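Protein chains: 2
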Amino acid sequence: MAQLDAALAKIDANLDTALKRLFALVAIPSVSTDPAYAAACQKAAEWLRSELAGLGFEATVRSTPGRPMVVAHAKAGRPGAPHVLFYGHYDVQPPDPLDLWQTPPFEPRLAEAPTGTQIVGRGTSDDKGQLMTFVEACRALRETGPLPCDITILFEGEEESGSRSLPAFLAENKAELHADIALICDTGMLDRTTPAITTMLRGIVTEEIVIKGADRDLHSGVFGGAAVNPIHVLARIIADLHDADGRVTLPGFYDGVAELPAEIAEQWRHAGFDGEQFLNDVGLSVPAGEKGRSVLEMLWSRPTCDVNGIVGGYTGKGFKTVLPAQAGAKISFRLVGTQDPQKISASFRTFVEARLPADCRAEFHAHGGSEAQQLPLESPALACARAALREEWGKEAVLIGCGGSLPIVGAFKRDLGMDSLMIGFGLEDDRIHSPNEKYELSSFHKGARSWVRVLMALGAA
Amino acid sequence: MAQLDAALAKIDANLDTALKRLFALVAIPSVSTDPAYAAACQKAAEWLRSELAGLGFEATVRSTPGRPMVVAHAKAGRPGAPHVLFYGHYDVQPPDPLDLWQTPPFEPRLAEAPTGTQIVGRGTSDDKGQLMTFVEACRALRETGPLPCDITILFEGEEESGSRSLPAFLAENKAELHADIALICDTGMLDRTTPAITTMLRGIVTEEIVIKGADRDLHSGVFGGAAVNPIHVLARIIADLHDADGRVTLPGFYDGVAELPAEIAEQWRHAGFDGEQFLNDVGLSVPAGEKGRSVLEMLWSRPTCDVNGIVGGYTGKGFKTVLPAQAGAKISFRLVGTQDPQKISASFRTFVEARLPADCRAEFHAHGGSEAQQLPLESPALACARAALREEWGKEAVLIGCGGSLPIVGAFKRDLGMDSLMIGFGLEDDRIHSPNEKYELSSFHKGARSWVRVLMALGAA
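Going down the list, the protein sequences come from chains E and F.
Read in order, the letters of the first sequence correspond to residues 1 to 461 in our numbering.
Read in order, the letters of the second sequence correspond to residues 1001 to 1461 in our numbering.
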């Protein structure tokens, strides 16, 4: 325990210089979506390479068709140590609208809030502050002894703009990037004093359908009553997708959907999550999903079907009595457990075909999908992380879900065969992607301490 | 019968000069929707005024906020004669796309087709050729004796662009325009040898609804499963609007919808209308309306509900996992019999409100409506017209319906208390509103003869 305590003491003692380093990284406007910031992205990658090299990593900046990757490797002090891959992203969202920032987005500063000190600036939470918690943990461990694990680091520069270069990069560097487990610091805590580990990510299936009837738009006076209306057919299909209890009616849809483990259900019940407030914040009051499920279940552990877009006929101002030739909808299914995206896509298409009346046909367009990701509750790495976080925060880490998908987690699983341990220190109110983004100083400080503990625990396992 | 025969002989003898007059009118490019043609509209109105003045009418061009009206009056040869108001419109649709015309649209010509001679040019059928059948009938009657009826003529110049000036003009000139019955020549024959009288026009109710849920667009990963989706709510409402037999489910919707009189049902059964071909022409094969109804019933004598437009969420290319704050639809109901537009509008709104789940509300926007128009089968004027057309065409005129509404007919009924007798000589294949519009020479010739007979019959009644 000597190194652990020493490393934690280093983190505490060096907080000011750690902040200076974070400020230097935040000051680089590495917006990935706008080519005008390409040089800044390059600069941020070089800065990280240099930092990691200074910590003894074998660190390189690797060009891609888009923004560069940073890849770094460091060996543990002993052979046979576990190997972890840490992933983060150095690119940030554009800072617009600029006039809503209280101070310039790329001039980071500390601000005092009633709840504590905050680090303000674009990317402080998403994801520069978060990734630097890991770098600072590596520094503290380096300064107090050998690393407890073999560590590979991958910093991406296109996460905020679609990760277009990532799939090919993973495929080309499989052997180099493969590790026993991936560590990802791009998620959040339950609240400012309760750590969380994201162990469930919903997958997704996206389908676009176009229902076609007559070979041209018709006048509803001349043809109305005798000609099939594709909007009606589409509406009937959409209406049929849910039953009166809010369950999705596709045959086989719930195959692979398990009930929540009792331990997690118990955690969620006591997580202090206010489902009503969550809905109130967007002008709603009543959960609209499956009957008999809590809001957290609806969001994290239950699959869904949502129509994300629909269009047909005349949609401008005023009125036009057209009987349209076609109507279309974009429909997505959020997946959990071991639901199979391809089976659900096929079931959906069969479901639609079965509801087409005479003279109608359906065109289908897939827009991609991914399986749900679930870290097994019995994962040894998860046990290490839970123990480490319990030590640091004085309470049990809540095992949470995430309603959306993180493509990187699916890619690590699919392409590199790795599970991901998602530990992050962001808070709900960090204003990521918005003006005045902030990261709690306590998240930065105790986040670094947390990673020291997690790495030591993984190394000792 | 001496005047009747003399007038018919005049029509036959003067066909060439009648065609020259029609060509002169068609050559005036009186497109109403485009201000560039305003002078041409004025010219067409003046031309008509002059023609009518030449026939002894007290004829005036009356300015409006839009295109001018032509109003003309002529007295019958005897006091106590019936008074008819003839309505037509001198404005035409734009000729675009010009490159699809075989000859210039405003250079009318005769063309020989396998079925007979055709008059080709923009407006030959809609409505210049049709209205000139009536003017030529007046000429022939004038030249052979007194007019059999008091005749008022109203030519409008904005029918193809929404008739914006018409309501106020009717309101301001009620007394001047009121007659015993209106005669309208803007409809068609059953086929090239079978005359038709349009006695049923469907009315319409138009409703726009917007279903609102959350106070902003949401991310379907973060909120999907717990937040209400207005597209689903809208789809359910639309699906509920029809039952499995294709009937509209609004409470009270069929109040005022009578079964077709046996005589008309019999005519329609033998009208030679090929419902399958009608649908085949637009890529369809099976009537999609109420079970157990013929296509003609579906189009002419049964009410309908059609969604004319729907939009919600993301409708661009690709996919966006938005859970939209709202979704909207434009919905129209075609009315028949004595269905009450206001009651149906109210019933629809109640129907929607009853289907709104918690957290959803509906905004309603009315876009106008009109009652169905039905000329009573026992109308004496109808009996005169049927006898006159039977004489001219050698077969019974079919009493047909029209699936769309003609606002002028509603206005005459509502504002002037007049029924309308709709007799027209257009054919299905006249290409009105399209390139190479044509009017059959036989329609023009026998149309004029038909009006001579109708006017004589009305005058003798």
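For glycine and all other residues, C-beta sits at the position ideal for the given N, C-alpha and C.
The structure displayed is predicted, hence computed values, not measured ones.
Helix, strand or coil at residue i [DSSP, three-state]
{"i": "Phe253 of chain E", "result": "coil"}
{"i": "Lys330 of chain E", "result": "strand"}
{"i": "Ala211 of chain E", "result": "The sequence shown places Ile at residue 211 of chain E, not Ala. Three-state result, Ile211 of chain E: strand."}
{"i": "Thr1199 of chain F", "result": "strand"}
{"i": "Thr1194 of chain F", "result": "strand"}
{"i": "Met1422 of chain F", "result": "strand"}
{"i": "Ile119 of chain E", "result": "strand"}
{"i": "Ala244 of chain E", "result": "coil"}
{"i": "Val1135 of chain F", "result": "helix"}
{"i": "Lys395 of chain E", "result": "coil"}
{"i": "Cys384 of chain E", "result": "helix"}
{"i": "His232 of chain E", "result": "helix"}
{"i": "Gly1356 of chain F", "result": "Note that residue 1356 of chain F is Leu in the sequence shown here, rather than Gly. Here Leu1356 of chain F sits in coil by DSSP."}
{"i": "Ile1238 of chain F", "result": "helix"}
{"i": "Val286 of chain E", "result": "coil"}
{"i": "Leu1022 of chain F", "result": "helix"}
{"i": "Val1295 of chain F", "result": "helix"}
{"i": "Thr350 of chain E", "result": "helix"}
{"i": "Lys1343 of chain F", "result": "helix"}
Distance between residue j and residue i (C-alpha atoms, nearest Å)
{"i": "Ala366 of chain E", "j": "Phe134 of chain E", "result": "38 Å"}
{"i": "Pro380 of chain E", "j": "Cys185 of chain E", "result": "19 Å"}
{"i": "Glu396 of chain E", "j": "His270 of chain E", "result": "12 Å"}
{"i": "Val1031 of chain F", "j": "Cys305 of chain E", "result": "51 Å"}
{"i": "Ser332 of chain E", "j": "Ser1220 of chain F", "result": "9 Å"}
{"i": "Val1452 of chain F", "j": "Pro1104 of chain F", "result": "32 Å"}
{"i": "Gln3 of chain E", "j": "Ala387 of chain E", "result": "17 Å"}
{"i": "Arg1449 of chain F", "j": "Gly316 of chain E", "result": "45 Å"}
{"i": "Thr144 of chain E", "j": "Ser161 of chain E", "result": "38 Å"}
{"i": "Cys1149 of chain F", "j": "Phe1253 of chain F", "result": "41 Å"}
{"i": "Ala1081 of chain F", "j": "Val1061 of chain F", "result": "26 Å"}
{"i": "Phe351 of chain E", "j": "Gly121 of chain E", "result": "49 Å"}
{"i": "Glu1353 of chain F", "j": "Ile1237 of chain F", "result": "10 Å"}
{"i": "Val1070 of chain F", "j": "Val233 of chain E", "result": "47 Å"}
{"i": "Trp1268 of chain F", "j": "Leu1025 of chain F", "result": "36 Å"}
{"i": "Leu110 of chain E", "j": "Tyr87 of chain E", "result": "26 Å"}
{"i": "Ser405 of chain E", "j": "Asp34 of chain E", "result": "24 Å"}
{"i": "Glu1112 of chain F", "j": "Gln1118 of chain F", "result": "6 Å"}
{"i": "Ala329 of chain E", "j": "Ala235 of chain E", "result": "10 Å"}
{"i": "Glu1051 of chain F", "j": "Arg1414 of chain F", "result": "30 Å"}
Boundaries (first-last residue) of the alpha helix (DSSP H) holding residue i
{"i": "Val1454 of chain F", "result": "Leu1441 to Ala1460"}
{"i": "Ala39 of chain E", "result": "Ala38 to Gly54"}
{"i": "Arg414 of chain E", "result": "Pro407 to Leu416"}
{"i": "Gly1221 of chain F", "result": "Ser1220 to Phe1223"}
Cβ distance (whole Å) where residue i is taken to contact residue j below 8 Å
{"i": "Phe1231 of chain F", "j": "Ile310 of chain E", "result": "In the sequence as displayed, the identity of residue 1231 of chain F is Ile instead of Phe. At roughly 5 Å, the Cβ-Cβ gap stays under 8 Å, so Ile1231 of chain F and Ile310 of chain E are in contact."}
{"i": "Ala7 of chain E", "j": "Leu131 of chain E", "result": "At roughly 18 Å, the Cβ-Cβ gap does not stay under 8 Å, so Ala7 of chain E and Leu131 of chain E are not in contact."}
{"i": "Thr1249 of chain F", "j": "Leu1260 of chain F", "result": "About 22 Å separates the two Cβ atoms, so there is no contact after all."}
{"i": "Leu375 of chain E", "j": "Asp340 of chain E", "result": "About 19 Å separates the two Cβ atoms, so there is no contact after all."}
{"i": "Pro65 of chain E", "j": "Ser165 of chain E", "result": "5 Å"}
{"i": "Met1189 of chain F", "j": "Phe1425 of chain F", "result": "6 Å"}
{"i": "Val84 of chain E", "j": "Leu377 of chain E", "result": "Rounded, the Cβ-Cβ distance is 20 Å, inconsistent with contact."}
{"i": "Leu1335 of chain F", "j": "Pro1303 of chain F", "result": "5 Å"}
Beta strand (DSSP E) segment containing residue i, residue limits
{"i": "Gly309 of chain E", "result": "Thr304 to Gly313"}
{"i": "Arg361 of chain E", "result": "Arg361 to Ser370"}
{"i": "Leu1375 of chain F", "result": "Leu1375 of chain F -> no beta strand (DSSP E), and no H or E assigned at all."}
{"i": "Arg62 of chain E", "result": "Glu58 to Arg62"}
{"i": "Asp1150 of chain F", "result": "Asp1150 to Glu1156"}
{"i": "Met69 of chain E", "result": "Met69 to Ala74"}
{"i": "Phe1106 of chain F", "result": "Segment: none, Phe1106 of chain F is in no beta strand (DSSP E) and carries neither H nor E."}
{"i": "Ala1007 of chain F", "result": "Careful: Ala1007 of chain F lies outside any beta strand (DSSP E), inside the alpha helix (DSSP H) at Ala1002 to Ala1013."}
{"i": "Leu1183 of chain F", "result": "Ile1181 to Ile1184"}
Contact set between the stretch 1303–1337 of chain F and chain A, restricted to residues whose Cβ is under 7 Å from the partner: Looking at the structure shown, chain A is missing, and the protein chains on hand are E and F.
Got a sec: which bits of the stretch 1356–1377 of chain F sit with their beta carbon under 8 Å from any beta carbon on chain E, in order along the chain? Listed by position along the chain: Pro1357, Ala1358, Asp1359, His1367 and Gly1368.
Interface residues of the stretch 1402–1435 of chain F facing chain E [CB-CB below 7 Å]: Flagged, chain order: Gly1403, Gly1404 and Ser1405.
Going along the chain, which residues of the stretch 97–129 of chain E sit with their C-beta nearer than 9 Å to a C-beta in chain F? Listed by position along the chain: nothing, the set is empty.
Could you list the residues in the stretch 1081–1098 of chain F with a C-beta less than 8 Å from some C-beta on chain E, going in chain order? Taking 8 Å as the cut-off between beta carbons, none of the residues of the stretch 1081–1098 of chain F comes near chain E.
Chain-ordered residues of the stretch 128–151 of chain E with a beta carbon less than 9 Å from chain F: With the criterion set as a beta carbon lying under 9 Å from some beta carbon of chain F, the stretch 128–151 of chain E has no members that meet it.
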